[in-house]
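Please read the structure below before turning to the comments.
There are 2 protein chains.
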Amino acid sequence: MTTSNRDQKLDGLLAAAAKVFADRGYHRTSMRDLARASGVSLAGVYYYVQSKDELLFLIQQRNFEAVLAGARDTLAGVTDPVERLARFVDNHLDYFASHMAEMKVLSHEAGALSGDFLQRVNDMKHDYTRMLMDILADLETAHGPAHLNRRVAAYSLFGMMNWIYNWYDPLGDVGVELLSQNICRLFLGGYVGLPVSDAVIPHASAG
Amino acid sequence: MTTSNRDQKLDGLLAAAAKVFADRGYHRTSMRDLARASGVSLAGVYYYVQSKDELLFLIQQRNFEAVLAGARDTLAGVTDPVERLARFVDNHLDYFASHMAEMKVLSHEAGALSGDFLQRVNDMKHDYTRMLMDILADLETAHGPAHLNRRVAAYSLFGMMNWIYNWYDPLGDVGVELLSQNICRLFLGGYVGLPVSDAVIPHASAG
DNA sequence: GTTGAACTTGAACGAGCGTTCGACCCTCAT
DNA sequence: ATGAGGGTCGAACGCTCGTTCAAGTTCAAC
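If you're matching them up, the sequences are chains W and H in order. For the first sequence, the working numbering begins at 229 and goes up steadily by one. For the second sequence, the working numbering begins at 229 and goes up steadily by one.
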């Protein structure tokens with residue numbers, strides 16, 4: 229199964245669009261900006277995509293699907309709740325760090341979609357949030373009830389992870405592994421009062 | 229010193245603008261939307277404000293200044309690092325929860341400013357980040373070196389706090405005090421491994 | 001009753017927006 | 001050589017944008 233020429237071009241268009249959207253924001257970016265950035269004429273963009281909205285949707289959908297699939301994959305067969313959380317966080321940050329533009333668009337332009345597009349992305353978000361909430365429930369079962377509201381804890385973790393587009397530089401002196409470990413420890417230490425050691429939090433990419 | 233009629237009207241305009249910006253985003257909002265929401269004619273808006281940019285800047289500046297002043301105020305004379313952190317977090321979330329629209333604009337539309345306006349807001353952000361970093365340094369002195377990168381920890385805390393505009397409802401069943409306590413515990417437990425009890429984290433508004 | 005400043009407005013400006021359309025290239029099976 | 005179809009484009013459509021401006025209204029001070 230080879231990827232068609234059209235699919236390849238669409239991928240390139242989406243990649244270019246993600247960069248411009250991340251840089252200037254969705255609404256500030258014009259289709260003419262997009263055309264310039266992707267090396268196609270203005271009209272040519274519409275051969276690959278039906279509308280500016282659909283362009284944004286495709287970026288969000290494809291990348292969120294990749295994150296979701298990665299999470300399901302790395303969690304398969306793992307039962308220890310601590311390791312499950314570590315892998316969940318690691319998958320999220322790993323993908324984020326290697327797709328900063330796309331993930332900034334996913335995190336920052338959540339409100340720019342509407343109608344059916346918004347619905348479909350929100351459904352994915354709901355599934356993903358549920359995954360984390362379930363892990364938190366397992367964590368509490370295994371390590372005693374948390375003294376924190378589970379919903380607050382879940383969204384706080386998402387906050388830590390998704391906020392990185394505001395400050396994190398994957399090429400800086402803080403590597404992704406360190407970032408992932410740090411955030412995982414920060415959360416686990418605060419949520420179930422676990423002592424934080426390398427042994428407790430294995431790096432998921434080893435699995 | 230009474231507030232002039234003009235200042236009052238400007239305040240109302242900014243409040244209305246913050247609501248619309250928070251709802252629809254800065255770039256998607258037109259000056260005609262703003263005029264409608266604030267009950268002034270389109271041209272009338274320009275009597276109070278020089279440009280759409282300045283409108284956004286004023287919202288960000290005024291509210292950030294309030295947060296900064298609140299932080300300096302609540303930290304004055306307090307030396308215990310744990311209480312300093314608790315007060316810092318509490319001030320931030322308290323103001324956030326009671327000014328959701330304005331703070332969403334401050335958090336979400338950071339990249340919409342440019343030139344001198346951007347510079348001045350960034351300077352405030354720098355000061356504010358420095359305040360937190362200093363508290364973290366004190367925390368480490370008092371409770372042993374953290375096993376976490378200080379910068380990662382600081383931005384993770386900002387992430388937890390600023391992300392709330394994506395999910396938190398101040399009128400829902402999670403009160404601000406609970407939210408503030410939870411986030412503070414989450415952070416302290418993970419950062420310096422402190423046991424989390426009501427005694428350790430006093431509620432700042434009591435001071 | 002006149003003045004002048006504070007305030008408000010409808011109407012317009014030029015520019016840029018997302019999108020469409022018909023014409024044009026290719027390539028390749030017939 | 002021909003025609004079909006995937007790919008590309010310049011030019012234009014109607015619309016909305018941020019901003020301006022001259023002409024108004026209100027009203028306290030003289």
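We treat Cβ as the ideally placed atom computed from N, Cα and C, and that holds for glycine. On a predicted model such as this, the values are computed, not experimentally measured, just so you know.
- It is roughly 45 angstroms from the alpha-carbon of H:L346 to the alpha-carbon of W:P373.
- Distances from the alpha-carbon of W:A244 to those of W:R315, W:A329, W:P309 put W:A329 closest.
- Boundaries of the alpha helix (DSSP H) harbouring H:T369: 343-371, taken from the DSSP string.
- Contact of H:I411 with chain W is assigned, a C-beta pair being separated by under 8 angstroms.
- With contacts defined by Cβ atoms closer than 8 angstroms, H:L313 and H:I363 form a contacting pair.
- Close CB contacts of H:F285 within its chain, under the 8 angstroms cut and outside five residues either way in sequence, are with L341, F345, R348, V349 (chain order).
- Closest by C-alpha distance to H:L367, out of H:V310, H:D355, H:G421, H:N394, is H:V310.
- Buried is the label assigned to W:G418, since at least 16 other Cβ atoms lie within 10 Å of its Cβ.
- Chain order gives no chain W residues near H:L341, where near means a beta carbon separation below 7 angstroms; the closest approach is about 12 angstroms.
- Proximity of the region 296-311 of chain H to the region 263-278 of chain H falls short of the contact definition, fewer than three beta-carbon pairs being nearer than 8 angstroms.
- Collapsing the DSSP output to three states places H:H375 in coil.
- The alpha carbon of W:Y383 has as its nearest neighbour, out of H:Y393, H:Y383, H:H336, the alpha carbon of H:Y393.
- Here H:V402 is near W:V380, since their CB atoms are less than 8 angstroms apart.
- Of all residues in the region 349-383 of chain W, only H375, L376, N377, R379, V380, A381, Y383 place a beta-carbon less than 8 angstroms from a beta-carbon of chain H.
- Within the region 383-404 of chain W, those residues whose Cβ lies closer than 9 angstroms to any Cβ of chain H are, in chain order, Y383, S384, L385, F386, G387, M388, M389, N390, W391, I392, N394, W395, Y396, V402.
- A direct Cα-Cα distance of roughly 8 angstroms separates H:E293 from H:M352.
- Excluding its 5 nearest sequence neighbours in each direction, W:R378 has C-beta neighbours in its own chain below 6 angstroms: L364, listed in chain order.
- The continuous stretches of alpha helix (DSSP H) do not include W:A304, and DSSP gives it neither H nor E.
- With fewer than 16 neighbouring CB atoms inside 10 Å of its own CB, W:T231 falls in the exposed class.
- In summary, the residues of the region 255-281 of chain W whose CB is separated from some CB of chain H by less than 8 angstroms are H255, R256, in the order they occur in the chain.
- If you look at H:G272, you'll find it in the alpha helix (DSSP H) that goes 270-276.
- Separation of W:A325 and W:V404 (C-alpha to C-alpha, rounded to the nearest whole angstrom) is 7 angstroms.
- Cβ-Cβ separation between W:R413 and H:L407: approximately 22 angstroms, too far for a contact (criterion under 8 angstroms).
- At a cut-off of 8 angstroms between beta carbons, H:F285 makes no contact with chain W.
- Rounded to the nearest angstrom, the gap between the Cα atoms of W:H255 and W:H371 is 46 angstroms.
- For W:F249, not one C-beta of chain H is nearer than 8 angstroms to its own C-beta.
- Residue state for H:V420 is assigned as coil, using DSSP reduced to three classes.
- Of the candidates W:M331, W:F316, W:L262, the residue whose Cα lies closest to the Cα of W:P398 is W:M331.
- For H:G253, no alpha helix (DSSP H) run applies, since DSSP gives it neither H nor E.
- W:H327 sits in coil when the DSSP states are folded into three classes, being neither helix nor strand.
- In the three-state scheme derived from DSSP, where H, G and I count as helix and E and B as strand, H:G400 is classed as coil.
- Distance between W:S279 and H:D308, taken at the CA atoms: about 56 angstroms.
- In this structure, the alpha-carbon of W:W391 lies about 5 angstroms from that of H:G387.
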